[in-house]
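**Student:** Sequences listed follow chains A and B, in order. Quick note: the first sequence uses the working numbering, first residue 23, plus one each step. Quick note: the second sequence uses the working numbering, first residue 19, plus one each step. For glycine and all other residues, C-beta sits at the position ideal for the given N, C-alpha and C. Before we start, here is the structure in question, set down as structure tokens.
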Amino acid sequence: PAKAEGPYDVFAGGDFVPDRYKLQKQVPKPPYKKDVARDPHYTTGGYDVRDYYVQAMYEAFAGLGVFVDDEKEMSGRL
Amino acid sequence: MANSPLVAYPTSALHPNLPTTRPTSTAPSPLKPIPSGIASPSPAIVVQADPSGAVTLANDPFIPAEQLNDWEKHKYVKGKKLGEGTYANVYLGHLRSDPSQLVAIKKIKVQKEFRDGIAPDAIRELKHLQELNHPNIIKLLSVFTSKDQNLNIVLEYLPLGDLEGLIRDTSGIPYGPADVKAWMGMIARGVWFYGTVKLADFGLARAFGDPFTTNRPMTANVITIWYRPPELLFGAPFYSAAVDIWSVGVMFAELINRAALLPGQTEMEEISLICKVIGTPTEDNWPGVTSLPHYAVPDDKTPVTPREVYMQRFGSVGAEGVDLLMRMLALDPRKRVTAREMLEHKWWRAEPRPTRLEDLPRNRKEGNAEKYGQDQGRKPGVLDDKNGNRGDKVARRLDFGAAKK
Numbered sequence: 023p024a025k026a027e028g029p030y031d032v033f034a035g036g037d038f039v040p041d042r043y044k045l046q047k048q049v050p051k052p053p054y055k056k057d058v059a060r061d062p063h064y065t066t067g068g069y070d071v072r073d074y075y076v077q078a079m080y081e082a083f084a085g086l087g088v089f090v091d092d093e094k095e096m097s098g099r100l
Numbered sequence: 019m020a021n022s023p024l025v026a027y028p029t030s031a032l033h034p035n036l037p038t039t040r041p042t043s044t045a046p047s048p049l050k051p052i053p054s055g056i057a058s059p060s061p062a063i064v065v066q067a068d069p070s071g072a073v074t075l076a077n078d079p080f081i082p083a084e085q086l087n088d089w090e091k092h093k094y095v096k097g098k099k100l101g102e103g104t105y106a107n108v109y110l111g112h113l114r115s116d117p118s119q120l121v122a123i124k125k126i127k128v129q130k131e132f133r134d135g136i137a138p139d140a141i142r143e144l145k146h147l148q149e150l151n152h153p154n155i156i157k158l159l160s161v162f163t164s165k166d167q168n169l170n171i172v173l174e175y176l177p178l179g180d181l182e183g184l185i186r187d188t189s190g191i192p193y194g195p196a197d198v199k200a201w202m203g204m205i206a207r208g209v210w211f212y213g214t215v216k217l218a219d220f221g222l223a224r225a226f227g228d229p230f231t232t233n234r235p236m237t238a239n240v241i242t243i244w245y246r247p248p249e250l251l252f253g254a255p256f257y258s259a260a261v262d263i264w265s266v267g268v269m270f271a272e273l274i275n276r277a278a279l280l281p282g283q284t285e286m287e288e289i290s291l292i293c294k295v296i297g298t299p300t301e302d303n304w305p306g307v308t309s310l311p312h313y314a315v316p317d318d319k320t321p322v323t324p325r326e327v328y329m330q331r332f333g334s335v336g337a338e339g340v341d342l343l344m345r346m347l348a349l350d351p352r353k354r355v356t357a358r359e360m361l362e363h364k365w366w367r368a369e370p371r372p373t374r375l376e377d378l379p380r381n382r383k384e385g386n387a388e389k390y391g392q393d394q395g396r397k398p399g400v401l402d403d404k405n406g407n408r409g410d411k412v413a414r415r416l417d418f419g420a421a422k423k
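Below, the structure is given as structure tokens:
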């Protein structure tokens with residue numbers, strides 16, 4: 023007799039949705055000579071350049087609204 | 019960004035009383051000081067020892083590092099040794115201020131190869147664990163050095179043994195498909211949350227390789243052989259988080275059948291087993307595979323195992339479960355399910371519903387603490403063989419031709 027529960031949340035409330043940027047489905051053509059998105063040397067082992075874009079975009083925006091000095095003052099941290 | 023699960027705001031090793039999440043817009047004034055766990059706002063050096071002997075740290079930026087380290091060390095009481103490995107000794111410990119709060123203290127050994135500094139395993143473990151804050155990933159609580167300059171890592175203490183023990187103990191605890199689903203949910207979340215890692219063993223973890231700024235390929239020799247995906251066995255110079263999905267797929271199959279799926283003793287044997295059990299990787303099912311540096315498969319090629327065979331072997335998790343398993347064990351990493359797709363798979367919503375955490379079968383046998391100690395003491399990612407030697411069975415080069423002669 024399990025009590026009523028909502029649907030199983032596989033992310034356990036932890037899904038990450040960026041709120042300051044959105045990733046396009048289309049992979050941009052990189053301004054580099056190497057075409058890592060298509061070169062079998064990179065892709066045969068599963069390397070996916072989209073993972074790299076996910077990481078790069080995340081790092082570009084991560085902490086954009088964080089003001090270190092103000093917040094240190096606020097929290098009284100060292 | 020404040021609530022991003024990818025940015026852990028770990029409890030500072032030095033200030034465990036501070037809130038773990040940063041104050042957000044809910045604070046009435048952004049500049050108003052918020053109450054913190056710091057005992058004294060005074061800028062002077064103030065060390066307060068409460069009756070239990072715990073030391074609180076005052077708000078001063080000029081405290082010598084040695085002293086900070088001593089205070090950190092003083093927070094924990096080291097107890098009996100749980101295990102000893104080539105990489106570390108592991109001790110049971112507890113908080114001085116609250117002896118009921120158990121921890122595991124992992125004292126990293128000075129390794130012969132790395133006398134001049136900290137072993138790379140330890141650096142990697144620290145680097146990744148301090149970034150990760152997730153219920154399905156082991157927690158790093160603190161770091162300090164001991165008198166003999168050994169690195170001590172304080173970790174969450176997990177006394178209930180691991181899934182491997184549960185799987186192998188076939189005469190012991192019975193469990194069913196709903197339990198498998200619940201465990202898989204935890205494993206899958208942990209893997210999704212942080213790409214290329216193992217859940218409690220981060221010594222060999224690394225962030226995404228960056229093909230633009232470096233030509234250095236990633237090391238192919240990184241995952242314990244039974245769980246190593248074919249692209250790593252074939253020495254692929256660049257790979258992705260799909261390597262972990264394979265490992266989780268193998269664990270999934272082992273959870274269902276309570277038996278090892280691909281227990282190869284050497285890389286060569288592992289490849290043979292993959293070919294036999296899952297199918298031979300060929301240009302047809304994995305374009306480009308034959309050009310991988312260590313590509314070598316037995317001559318008698320086996321077609322990719324069809325769904326019906328999986329249904330016979332793993333049918334207890336239902337058709338949806340078998341579908342997910344097959345996608346996790348896709349030979350071509352580009353066709354393998356991603357961590358996100360894995361979590362969005364319909365199996366999770368199919369009957370039966372996953373067992374609730376508190377109702378899961380538990381392994382309460384004695385010996386788990388010792389097992390935990392041994393696991394944590396072992397060099398990350400490497401299983402000791404019966405004689406305690408590591409890696410002896412790992413063939414560096416694959417040469418099926420030579421093996422046949």
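What are the boundary residues of the beta strand (DSSP E) that A:T65 is part of?
**Tutor:** Taking the first sequence and counting its residues from 1, the one referred to as residue 65 of chain A is at position 43. Counting along the chain, A:T65 falls outside any beta strand (DSSP E), though it belongs to the alpha helix (DSSP H) covering 62-65.
**Student:** For the segment 307-332 of chain B, enumerate the residues whose C-beta is nearer than 9 Å to any C-beta of chain A, in chain order.
**Tutor:** Residues V307, S309, L310.
**Student:** Got a sec, what are the start and stop residues for the beta strand (DSSP E) B:A122 sits in?
**Tutor:** Taking the second sequence and counting its residues from 1, one reaches residue 122 of chain B at position 104. Here the beta strand (DSSP E) through B:A122 covers 120-126.
**Student:** Just verifying my parser: in three-state terms, what is the DSSP assignment at B:S115?
**Tutor:** Locating residue 115 of chain B in the second sequence gives position 97, counting from the first residue. DSSP places B:S115 in coil when its eight states are reduced to three.
**Student:** Between B:L310, B:G297, B:N170, which lies nearest to B:K319 when the distance is taken from Cα to Cα?
**Tutor:** Walking along the second sequence from the start, residue 319 of chain B turns up at place 301. Ranking the options by Cα distance to B:K319, first place goes to B:G297.
**Student:** Please report how far the alpha carbon of B:A357 lies from the alpha carbon of A:K94, in whole angstroms.
**Tutor:** The count along the second sequence starts at 1 and reaches residue 357 of chain B at position 339. The count along the first sequence starts at 1 and reaches residue 94 of chain A at position 72. Whole-angstrom Cα-Cα distance: 36 Å.
**Student:** Taking Cβ positions only, does A:P50 come closer than 8 Å to chain B?
**Tutor:** Position 28 of the first sequence, counted from the start, is the residue given in the question as residue 50 of chain A. No, A:P50 lies away from the interface with chain B (no Cβ there is under 8 Å from its Cβ).
**Student:** Would A:G35 be called buried (16 or more neighbouring beta carbons within 10 Å of its own) or exposed?
**Tutor:** Stepping through the first sequence from its first residue, residue 35 of chain A is reached at position 13. It is exposed - the Cβ of A:G35 has fewer than 16 other Cβ atoms within 10 Å.
**Student:** Report all residues from its chain with a CB closer than 7 Å to the CB of B:G267; omit the five preceding and five following residues, and keep chain order.
**Tutor:** Mapped onto the second sequence, residue 267 of chain B falls at position 249. Once the five neighbours on either side are set aside, the close Cβ partners of B:G267 are L343, M346, L347.
**Student:** Whole angstroms is fine: what's the gap from B:W304's alpha carbon to B:D139's?
**Tutor:** For the purposes of this step, residue 304 of chain B is taken as the residue at position 286 of the second sequence. For the purposes of this step, residue 139 of chain B is taken as the residue at position 121 of the second sequence. Going from the Cα of B:W304 to the Cα of B:D139 covers about 33 Å.
**Student:** List, in order along the chain, the chain B residues whose C-beta lies closer than 7 Å to that of A:D70?
**Tutor:** For the purposes of this step, residue 70 of chain A is taken as the residue at position 48 of the first sequence. Going along chain B in sequence order, the residues near A:D70 (Cβ under 7 Å) are S258.
**Student:** Using a Cβ-Cβ distance cut-off of 8 Å, determine whether B:R352 contacts chain A.
**Tutor:** Within the second sequence, residue 352 of chain B is the residue found at index 334, counting from 1. So, interface residue.
**Student:** Is DSSP giving B:N303 helix, strand or coil here?
**Tutor:** Numbered from 1 along the second sequence, position 285 holds the residue referred to as residue 303 of chain B. If DSSP states are grouped into helix, strand and coil, B:N303 belongs with coil.
**Student:** Could you name the residues of chain A that B:H152 contacts, counting a contact when the two beta carbons are closer than 8 Å?
**Tutor:** Taking the first residue of the second sequence as 1, we reach residue 152 of chain B at position 134. Residues of chain A passing the Cβ test: G36.
**Student:** Run through chain B and tell me which residues come within less than 7 Å of A:Y30, C-beta to C-beta.
**Tutor:** The residue you call residue 30 of chain A lines up with position 8 of the first sequence. Residues of chain B passing the Cβ test: W366, R367, R371, P372.
**Student:** Please tell me whether B:R345 has its Cβ less than 8 Å away from any Cβ of chain A.
**Tutor:** To locate residue 345 of chain B, count along the second sequence from 1; it is residue 327. No, because no Cβ of chain A sits closer than 8 Å to the Cβ of B:R345.
**Student:** How many angstroms separate the CA atom of B:V322 from the CA atom of B:M204?
**Tutor:** Position 304 of the second sequence, counted from the start, is the residue given in the question as residue 322 of chain B. Position 186 of the second sequence, counted from the start, is the residue given in the question as residue 204 of chain B. Near 29 Å, if we compare the C-alpha coordinates of B:M204 and B:V322.
**Student:** Considering only DSSP beta bridges, list what B:L110 is partnered with.
**Tutor:** Within the second sequence, numbered from 1, the residue matching residue 110 of chain B stands at position 92. DSSP lists B:A122 as partners of B:L110.
**Student:** Report buried or exposed for B:R207, applying the criterion of at least 16 other Cβ atoms within 10 angstroms of its Cβ.
**Tutor:** Mapped onto the second sequence, residue 207 of chain B falls at position 189. Buried.
**Student:** Going along chain A, which residues have a C-beta under 7 Å from B:E249?
**Tutor:** Translated into the one-based positions of the second sequence, residue 249 of chain B becomes position 231. In chain order: G67, G68.
**Student:** With a threshold of 7 Å on Cβ separation, who are the neighbours of A:V32 within its own chain once the five nearest residues in sequence on each side are excluded?
**Tutor:** Residue 32 of chain A sits at position 10 when you count from the first residue of the first sequence. If we look at A:V32 and ignore the five residues flanking it on each side, it has no Cβ neighbours.
**Student:** Name, in chain order, the residues that DSSP records as bridge partners for B:F162.
**Tutor:** Locating residue 162 of chain B in the second sequence gives position 144, counting from the first residue. B:F162 pairs with B:N170.
**Student:** For B:G203, return the contacting residues in chain A, with the cut-off set at a CB-CB distance below 7 Å.
**Tutor:** Start at 1 with the first residue of the second sequence, and residue 203 of chain B comes out as number 185. V32, listed in chain order.
**Student:** For B:K157, which residues from the same chain have a beta carbon less than 6 Å from its beta carbon, with the 5 sequence-adjacent residues on both sides left out?
**Tutor:** Indexing the second sequence from 1 puts residue 157 of chain B at position 139. Closer than 6 Å at the Cβ level, and outside the excluded window around B:K157, lie E174.
**Student:** Of all the options B:I155, B:V128, B:S258, B:S118, which has the alpha carbon lying nearest to the alpha carbon of B:R354?
**Tutor:** If you number the second sequence from 1, residue 354 of chain B lands on position 336. Among B:I155, B:V128, B:S258, B:S118, the Cα nearest to that of B:R354 is on B:S258.
**Student:** Considering only their Cβ atoms, is the gap separating A:T66 from B:A260 smaller than 8 Å?
**Tutor:** Counting from one through the second sequence, the residue named residue 260 of chain B turns up at place 242. Counting from one through the first sequence, the residue named residue 66 of chain A turns up at place 44. Not closer than 8 Å, so no.
**Student:** List in chain order: all unbroken alpha helix (DSSP H) runs of 4+ residues lying wholly within the segment 336-366 of chain B.
**Tutor:** Qualifying alpha helix (DSSP H) stretches, in chain order: 336-346, 357-362.
**Student:** Once the 5 residues before and after A:V39 are set aside, which same chain residues still bring their CB inside 8 Å of it?
**Tutor:** Taking the first sequence and counting its residues from 1, one reaches residue 39 of chain A at position 17. Nothing meets the Cβ criterion.
**Student:** Shortest alpha-carbon distance to B:V128 belongs to which of B:K145, B:L113, B:L169?
**Tutor:** As a working note, residue 128 of chain B is residue 110 in the second sequence. Comparing Cα positions, the closest option is B:L169.
**Student:** Going by DSSP, name the residue or residues bridged to B:Y257.
**Tutor:** The residue labelled residue 257 of chain B in the question sits at position 239 within the second sequence. Answer is A:G68, bridged to B:Y257.
**Student:** Opposite B:V95 in the DSSP bridges: which residues?
**Tutor:** Position 77 of the second sequence, counting from 1, holds the residue named residue 95 of chain B. Answer by DSSP bridge pairing, in chain order: B:H112.
**Student:** Who are the Cβ neighbours of B:E338 in its own chain at under 6 Å, not counting the five residues just before and after it?
**Tutor:** Reading the second sequence from its first residue, position 320 is the one you call residue 338 of chain B. Taken in chain order, the residues that qualify are K364, W365, A368.
**Student:** Might you give, ordered along the chain, the residues of its own chain that have their beta carbon closer than 7 Å to the beta carbon of B:P37, omitting 5 neighbours on each side?
**Tutor:** Mapped onto the second sequence, residue 37 of chain B falls at position 19. Low per-residue confidence applies at B:P37: pLDDT is 45, beneath 50, and the placement is therefore not dependable, though the value from the model is reported in the following sentence. So no residue of the chain qualifies.
**Student:** Please list the partners that B:L361 has in chain E, where partner means a Cβ-to-Cβ separation under 7 Å.
**Tutor:** The structure shown contains no chain E; its protein chains are A and B.
**Student:** Spatial neighbours of A:A59 within its chain, please: CB distance less than 6 Å, with the 5 preceding and 5 following residues excluded, ordered by chain position.
**Tutor:** As a working mapping, residue 59 of chain A is identified with position 37 in the first sequence. Result list for A:A59: V49, V71, in chain order.
**Student:** How would you call A:F118, buried or exposed, if buried means at least 16 neighbouring beta carbons within 10 angstroms?
**Tutor:** The shown model of chain A, from 23 to 100, leaves out residue 118 of chain A, and the question about it has no answer.
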